[in-house]
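Heads up: the sequence shown begins at 409 in the working numbering, then just goes up one per residue.
Following: one structure in structure tokens, then a few remarks.
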Amino acid sequence: MAWSIKIAQVANIPIKVHITFFLILGLSAAQWAGRSGDAVFGALFGIVLMLALFLCVTLHELGHSLMARVFGIETREILLMPLGGVAQLSKSPDKPRQELLIALAGPLVNVVIAAFLLVVIGIHPDLSLSNLLLDGAGSTRLTNDTSPAGLIYWLLAANVSLVVFNLIPAFPLDGGRIFRALLAMRLDHARATRIAATVGQGIAIVLGIYGVLSGNLLLALVAVFVFVGAAQETNGTQAKTVLVTRKVGDAYNKHSITLQNGDRISRVVDYLLTSYQPDFAVTFGGRLLGIVTREDVMKALAVQPNDCYVAEIMTRDVFKLSATDTLDEARDKMGEHNARVAAVYDGEQFLGLVSQDDISEAFAILMFVNRHHQLRAMNAQV
Ligand SMILES: [Zn+2]
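If you want it as structure tokens, here you go:
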């Protein structure tokens, strides 16, 4: 995602934060500076609090990621945003049981953290709630408390909220996925998604109205986020049904320009100027030697003063797909290998190149055709 910065790498998974995260840190610092007698100390406390919360969110996402890894699904990255984290899986789980366990693993991490904090409170006499409330000005003291005890209670409340919030049965929250997985154990995947998405949108509307009426704008914002997420999930599933029925052999570019290994860069530049084709296969006697992309050409032009051969700048290691792979399999495989472009083969015979953009485009066209058919079918019934 744009505007995100990589801050760590855990278990081979890059952890990134969205740039707006620093805004949240600043807001928290400002809020706690106002609450504390010592503004600098309060601001530092606010920052530590927010960092601790985001650590809990990261561990939650790692819970999803490591459970997914058990089923052979890798995580491309974990992205932390102000409204929460997202673990981007390289593909979606095939079986409802897998989806169920992956969705449960995240909230379970927060249950474990909350239990750990409760144990810390239990074995530390100074941290008992009655102690805290008695020596201060009653319950309001707790929400303004910039002591280690205040931090622990705040984190405990935050982890409990994370569990409760994430278990709301609405996409894209974990509860929505758990609900869909449970339905999908009895119904087919598309139907289960439709029901879960509809229920999720209903809950989002109720949350939104409640948020607006009670003046809780954050809740209203979350409701919008949930409503949109549910719609995306339904579209994603419809997309999957289209993608599983079509083959890569239908989607690769049959009319693309192919380079010969003796061609020079200046020729590719001509092609780039006169066509919209971004990737070129370099062949010799019908055999694929490598690919040259628009970026390769730009880079070469920047560093190479003379007109060199395309064979000198091409990428030889090209990801391969079979023409009989479905578009869905192709998308998953390319996602797993981080391949933007793949070579399509019919057995040993090289057919052409297909990019992730080609697959998205094929899918958009097929969705349109599908909808058209559905409309015609509906009209036929009336
Ligand atoms: Zn989660």
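Idealized CB from N, CA, C, for every residue including glycine.
With 16 other CB atoms within 10 Å as the buried threshold, where does Arg567 fall?
A small fix is needed here, since residue 567 is Asn in this sequence, not Arg. Flag for Asn567 reads buried.
Please report the Cβ distance between Ala710 and Leu729, rounded to the nearest whole angstrom; I am assuming they are in contact, meaning their Cβ atoms lie under 8 Å.
Wrong, their Cβ atoms sit about 31 Å apart, outside the cutoff.
Looking at the structure shown, is Ile427 part of a helix, part of a strand, or coil, going by DSSP?
coil
Alpha-carbon to alpha-carbon, Lys499 and Leu761
22 Å
Provide the residue(s) that pair with Thr483 in DSSP beta bridges, ordered along the chain.
DSSP, once it has assigned bridges, lists Leu497 as partnering Thr483.
Tell me whether Gly514 counts as near ligand 1, meaning its Cβ is closer than 7 Å to at least one heavy atom of that ligand.
Gly514 has its Cβ nearer than 7 Å to a heavy atom of ligand 1.
Closer than 8 Å is the cut-off here; do at least three beta carbon pairs connect the stretch 622-636 with the stretch 737-744?
no
Check: Asn669 C-beta below 7 Å from any heavy atom of ligand 1
no
Within 8 Å, strictly: CB atoms of Ile486 and Ile423:
Inclusion of Ile486 and Ile423 in the CB contact set at 8 Å is warranted, their separation being smaller than that value.
Cutting at 7 Å between CB atoms, please list the residues of its own chain near Glu641, excluding the five before and the five after it.
Phe579, Pro580, Thr601, Ala605
Cβ pair Arg724, Leu759 closer than 8 Å
In this structure, Leu759 does not lie closer than 8 Å to Arg724 by Cβ.
Can you check DSSP and say which residues form a bridge with Ile413?
Partner(s): Val425.
When you measure from the CB of Asn661 to every non-hydrogen atom of ligand 1, does any distance come out below 7 Å?
no
Within a Cβ cutoff of 6 Å, which residues of the same chain sit near Gln506, ignoring the five residues on either side of it in sequence?
Here the set comprises Phe479.
Per DSSP, cross-strand counterpart(s) of Gln757:
Asp754
Beta-carbon contacts of His745 that lie in its chain and below 8 Å, excluding the five residues immediately before and after
Excluding sequence positions up to five before and after His745, its CB lies within less than 8 Å of the CB of Phe727, all in the same chain and listed in chain order.
Helix, strand or coil: how does DSSP classify Gly698 here?
strand
Run through DSSP, which three-state label would Asp352 get?
Because the chain here runs from 409 to 790, residue 352 falls outside it and cannot be looked at.
Flag Asn567 as yes when its Cβ comes closer than 7 Å to any non-hydrogen atom of ligand 1, and as no otherwise.
Asn567 Cβ: outside cutoff for every heavy atom of ligand 1.
How would you label Arg588, buried or exposed, when you count the other beta carbons within 10 angstroms and need 16 or more for buried?
Counting of Cβ neighbours within 10 angstroms places Arg588 among the buried residues, the total reaching 16 or more.
Which partner residues does Asp679 have in the DSSP bridge list?
The displayed chain sequence assigns Tyr, not Asp, to residue 679. For Tyr679, which the question treats as bridged, DSSP gives no partner whatsoever.
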